[in-house]
Amino acid sequence: MRTTRNMRTGEAVRRYGMAAKTIRLRIVVCAVTALAVATPLHAIAAEHPERPERWYGQSRVESGEKVYAAHCAVCHGVRGEATPDWRRREPDGSFPPPPLNGSAHTWHHPFEVLARQIKFGAPGGAGKMPPFQGRLTDEEIINVLAWVQSLWPDEIYTQWWAIQQRSSQQ
Ligand code: HEC
Numbered sequence: 040m041r042t043t044r045n046m047r048t049g050e051a052v053r054r055y056g057m058a059a060k061t062i063r064l065r066i067v068v069c070a071v072t073a074l075a076v077a078t079p080l081h082a083i084a085a086e087h088p089e090r091p092e093r094w095y096g097q098s099r100v101e102s103g104e105k106v107y108a109a110h111c112a113v114c115h116g117v118r119g120e121a122t123p124d125w126r127r128r129e130p131d132g133s134f135p136p137p138p139l140n141g142s143a144h145t146w147h148h149p150f151e152v153l154a155r156q157i158k159f160g161a162p163g164g165a166g167k168m169p170p171f172q173g174r175l176t177d178e179e180i181i182n183v184l185a186w187v188q189s190l191w192p193d194e195i196y197t198q199w200w201a202i203q204q205r206s207s208q209q
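Start counting the sequence shown at 40; every next residue gets the next number (our numbering).
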């Protein structure tokens, strides 16, 4: 199923006038830059397709799945389904781990915000999301996000893509 979501390069070129490989490369380069120097992900260049192509390929998804199983499933659920009642605070006032499968608000955030949250932990150290800096490489963080995004239905991915585009143009 996952591979069928990835459009063939030829089709992407026809629809968006740009090689899919170029789009993918730009996302990865920008994500790496964003993680390294903590700047926003500015340079993703693409139009506003109705059904954007997934930026990742199957190999990233497969690598990301292993990272996720080893480091994330314990809190976020085996397929990103935890915690169903994610809006309710814990007794100590913190929020529980939200679902990452597209049912909560993860898709409201551009890629670099998500990547930085994984690398540096909850913003301001307020929450209980641990920082993975030193435990995961930037590539592993990018791959784990590819796996997380592979769980999102097309409608959610499309809405995320629009948010991503806007953040890249600022
Ligand atoms: C110890 C439990 C724990 C582990 C392990 C953990 N997380 Fe989290 N995560 C949280 C909590 C709690 C939050 C909610 C934010 C906060 O308050 O810290 C969160 C938030 C997030 C968010 C932001 C979600 C959103 O909707 O804004 C992302 C993305 C995320 N985690 C991804 C991951 C990934 C990927 C891993 C594995 C590399 C991981 N987390 C491992 C507890 C955890």
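Every residue gets a Cβ at the ideal spot worked out from N, C-alpha and C, and that includes glycine.
Residues near residue i in its chain [Cβ-Cβ closer than 8 Å; skip 5 each side]
i, result
"Val183", "Gly103, Val106, Tyr107, His110, Cys111, Ile157, Leu175"
"Gln198", "Trp146"
"Phe159", "Pro170, Gln172"
"Trp125", "Phe134, Pro135, Pro136, Pro137, Pro138, Ala143"
"Glu120", "Pro138, Asn140, Ser142"
Close Cβ partners of residue i (< 6 Å) along its chain, the five nearest in sequence each way excluded
i, result
"Tyr196", "none"
"Ser206", "Pro149"
"Thr122", "Pro135, Pro136"
"Cys114", "Pro136"
Rounded distance between the beta-carbons of residue j and residue i, thought under 8 Å
i, j, result
"Pro192", "Gly141", "6 Å"
Neighbourhood of residue i by C-beta, 7 Å cutoff - its chain only, sequence neighbours within 5 removed
i, result
"Ile202", "His147, Pro149"
"Ala185", "Tyr95, Arg99, Val100, Gly103"
"Arg128", "Phe134"
C-alpha gap between residue i and residue j, whole angstroms
i, j, result
"Gln204", "Ile180", "20 Å"
"Arg118", "Gly173", "24 Å"
"Thr145", "Gln208", "20 Å"
"Gly132", "Ala161", "14 Å"
"Glu194", "Pro130", "34 Å"
"Trp200", "Glu178", "20 Å"
"Ala143", "Gly166", "17 Å"
"Gly116", "Glu151", "22 Å"
"Pro170", "Pro138", "18 Å"
"Met168", "Arg155", "11 Å"
"Leu153", "Val187", "11 Å"
Which residues DSSP lists as bridging residue i, in chain order
i, result
"Gln172", "Leu175"
Extent of the continuous alpha helix (DSSP H) to which residue i belongs
i, result
"Ala161", "Element bounds for Ala161: n/a, residue is neither H nor E."
"Asp131", "Segment: none, Asp131 is in no alpha helix (DSSP H) and carries neither H nor E."
"Trp199", "193 to 208"
"Val117", "Careful: Val117 lies outside any alpha helix (DSSP H) and carries neither H nor E."
"Arg99", "97 to 110"
beta-carbon residue i near the ligand GDP non-hydrogen atom, thresh 7 Å
i, result
"Phe134", "Judged by which ligands are present, the ligand GDP is missing from the structure shown, whose ligands are the ligand HEC."
is_contact[residue i, chain B] using C-beta, thresh 8 Å
i, result
"Ser133", "In the displayed structure, chain B is absent; only one protein chain is listed."
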